[in-house]
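Note sheet for the following structure.
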Ligand code: LLP
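Residue numbers (the numbering used here): 6 to 438.
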């Protein structure tokens, strides 16, 4: 049986199966813990599921991958090889996309707060700048003139739509910090101003209403608003856009047996709205989408080892060698990642899986019914491929975990474990003596 088969068994709830035990034991022995493991084939499957759902319905299509979900260059390279294009939020992510082999002109750069040097860097690489506000617009125009180039731009629109997700990852509601609001004519003013400023080529329009969205209704509302606005831009400003980007945000199932919106369901929901609006518009821009989590989350497993188990008068804690410095999502969003105990099954006990960070809030899984592990056992957190390593830190002076990419029965290190020396890599040398 392959490593991949072992990973999939654990995913399916069979972490006590000998092949799952063999896979995780082998990975932990070779690479140590805590360890991020990604299954290449799952990433390919997810990328293909997106393309299979959208391509037949939207022949003029571009699917992007939001690098922030997982910025490892080998992961990005794999995703680009499936035909997705990069969407980035910083100079570091532009550089990651270029390292992974992307052309600068294929990169879309969205950030609500771009620094002057990030704008210059993007322009130098012909990156498409997704402008967040009118102040930034003026800066982009001036930078393009100064550099003797033309900035390719779109605007990030705040459509004022609530897709009903967690507050911290809800980005298209009126009080959110992102984008130019449709309300109050701000977005319209943006395009009007962009038409008049030098050094700018207006290419499209963008929005992103939030993350972990499991119902198409918010996308439907957004698509209607965006396309009606695109029509207004044509009729009143004579603008013809080459793309309409409806953002990322596709949710994944975080619970056993609870399916969520699939890409096909979303594509099917958008299709009649798109067709209707395109007929009114009189031309067809490309449809762009830019998911992050959907592509990589389910491919990722965080493997940790149990340091100790203790029962207090209130609870039983399983203390593991990972913490919110390794996987931030439970502490930051109250996210619930499924946990599998490798090699154990049978009746469960209610347990808290506690991290190794010295903070009360460092609980990776709370009140779960799990087989009781013992010190030395391995536990695995599912769906850790997105916003897992990407949000990890060295807090508490713990080096960053290793990342490995499993393909069939091979496991390749795609980022070696951090070292204690690296914790101080940018500090001054300790004076001799
Ligand atoms: N495009 C833009 C402009 C975004 O801001 C984001 C995510 C995406 C695309 C990709 O969204 P996705 O398809 O991954 O949902 N750290 C949080 C998620 C933050 C998402 C921020 N923006 C979490 O762990 O849940």
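Just so it is clear, CB atoms sit at the ideal spot from N, CA and C, and this is done for glycine as well.
Everything numeric in this text was worked out from a predicted model, so none of it was measured.
Is it buried or exposed, residue i, if we count other Cβ atoms within 10 angstroms and call 16 or more buried?
i: residue 429; result: exposed
i: residue 323; result: buried
i: residue 70; result: buried
i: residue 372; result: exposed
i: residue 223; result: buried
i: residue 340; result: buried
i: residue 179; result: exposed
i: residue 394; result: buried
i: residue 104; result: exposed
i: residue 331; result: buried
i: residue 44; result: buried
i: residue 77; result: buried
i: residue 79; result: buried
i: residue 169; result: exposed
i: residue 221; result: buried
i: residue 146; result: buried
i: residue 245; result: exposed
i: residue 75; result: buried
i: residue 292; result: buried
i: residue 425; result: exposed
i: residue 263; result: exposed
i: residue 227; result: buried
i: residue 199; result: buried
i: residue 231; result: buried
i: residue 141; result: buried
i: residue 28; result: buried
i: residue 216; result: buried
For my contact list, residue i and residue j are in at a C-beta cut-off of 8 Å; report their separation, rounded to the angstrom.
i: residue 403; j: residue 410; result: Residue 403 to residue 410, Cβ: 22 Å. No contact.
i: residue 213; j: residue 155; result: Not really, about 25 Å apart at Cβ, beyond 8 Å.
i: residue 369; j: residue 359; result: 7 Å
i: residue 280; j: residue 327; result: Contact flag wrong, Cβ pair sits at about 48 Å.
i: residue 308; j: residue 40; result: 4 Å
i: residue 48; j: residue 83; result: 6 Å
i: residue 204; j: residue 150; result: 4 Å
i: residue 208; j: residue 158; result: 7 Å
i: residue 113; j: residue 133; result: 5 Å
i: residue 375; j: residue 310; result: Residue 375 to residue 310, Cβ: 15 Å. No contact.
i: residue 219; j: residue 249; result: Contact flag wrong, Cβ pair sits at about 23 Å.
Between residue i and the ligand LLP, is there a pair consisting of the residue's CB and a ligand heavy atom that are separated by less than 8 Å?
i: residue 181; result: no
i: residue 73; result: yes
i: residue 296; result: yes
i: residue 328; result: no
i: residue 288; result: no
i: residue 160; result: no
i: residue 396; result: yes
i: residue 94; result: yes
i: residue 3; result: For residue 3 there is no data in the structure shown, the boundaries of the chain being 6 and 438.
i: residue 255; result: yes
i: residue 422; result: no
i: residue 429; result: no
i: residue 391; result: yes
i: residue 114; result: no
i: residue 306; result: no
i: residue 338; result: yes
i: residue 252; result: yes
i: residue 47; result: no
i: residue 216; result: yes
i: residue 248; result: no
i: residue 259; result: no
i: residue 130; result: no
i: residue 267; result: no
i: residue 331; result: no
i: residue 213; result: yes
i: residue 354; result: no
i: residue 299; result: yes
i: residue 67; result: no
i: residue 176; result: yes
i: residue 334; result: yes
Is it true that the stretch 163-172 meets the stretch 180-200, where meeting means three or more beta-carbon pairs spaced less than 8 Å apart? Remark: three or more beta-carbon pairs, one from each stretch, lie closer than 8 Å, so the stretch 163-172 and the stretch 180-200 are flagged as touching.
Taking only runs of the beta strand (DSSP E) that begin and end inside the stretch 272-321, which ones reach a length of at least 3 residues, in chain order? 291-294 and 305-316
Complete runs of the alpha helix (DSSP H) confined to the stretch 19-55 [at least 4 residues]: 23-36
Does the stretch 259-276 touch the stretch 345-353, meaning 3 or more C-beta pairs lie closer than 8 Å? no
At least three beta-carbon pairs within less than 8 Å, the stretch 286-302 to the stretch 256-267: Three or more Cβ pairs drawn from the stretch 286-302 and the stretch 256-267 lie within less than 8 Å of each other, which places the two stretches in contact.
I'd like to know if the stretch 108-124 and the stretch 136-156 are in contact, where contact means that at least 3 CB-CB pairs between them fall below 8 Å. yes
For the stretch 87-94 against the stretch 324-340, do three or more pairs of beta-carbon atoms, one drawn from each stretch, fall closer than 8 Å, so that the two count as touching? No, because fewer than three Cβ pairs between the stretch 87-94 and the stretch 324-340 fall closer than 8 Å, the two stretches do not touch.
If we require 3 or more residues per run, which beta strand (DSSP E) segments fall completely within the stretch 181-234? 205-211
Across the stretch 315-331 and the stretch 50-70, are there enough close Cβ pairs to call them in contact, namely three or more that are closer than 8 Å? Contact annotation: the stretch 315-331 does not touch the stretch 50-70, with fewer than three C-beta pairs closer than 8 Å.
Spell out a yes or no on whether the stretch 21-28 and the stretch 282-294 are touching, meaning 3 or more CB-CB pairs, one atom from each, closer than 8 Å. No: the two stretches stay apart, fewer than three of their Cβ pairs being nearer than 8 Å.
Runs of alpha helix (DSSP H) wholly within the stretch 43-127 (minimum 4 residues, chain order): 45-59, 78-86 and 96-104
Taking the runs of the beta strand (DSSP E) that are 3 residues or longer, which of them lie wholly in the stretch 322-388? For secondary structure counted as the beta strand (DSSP E) over 3 or more consecutive residues, the stretch 322-388 holds these complete runs in sequence order: 344-346, 354-359, 368-375 and 383-386.
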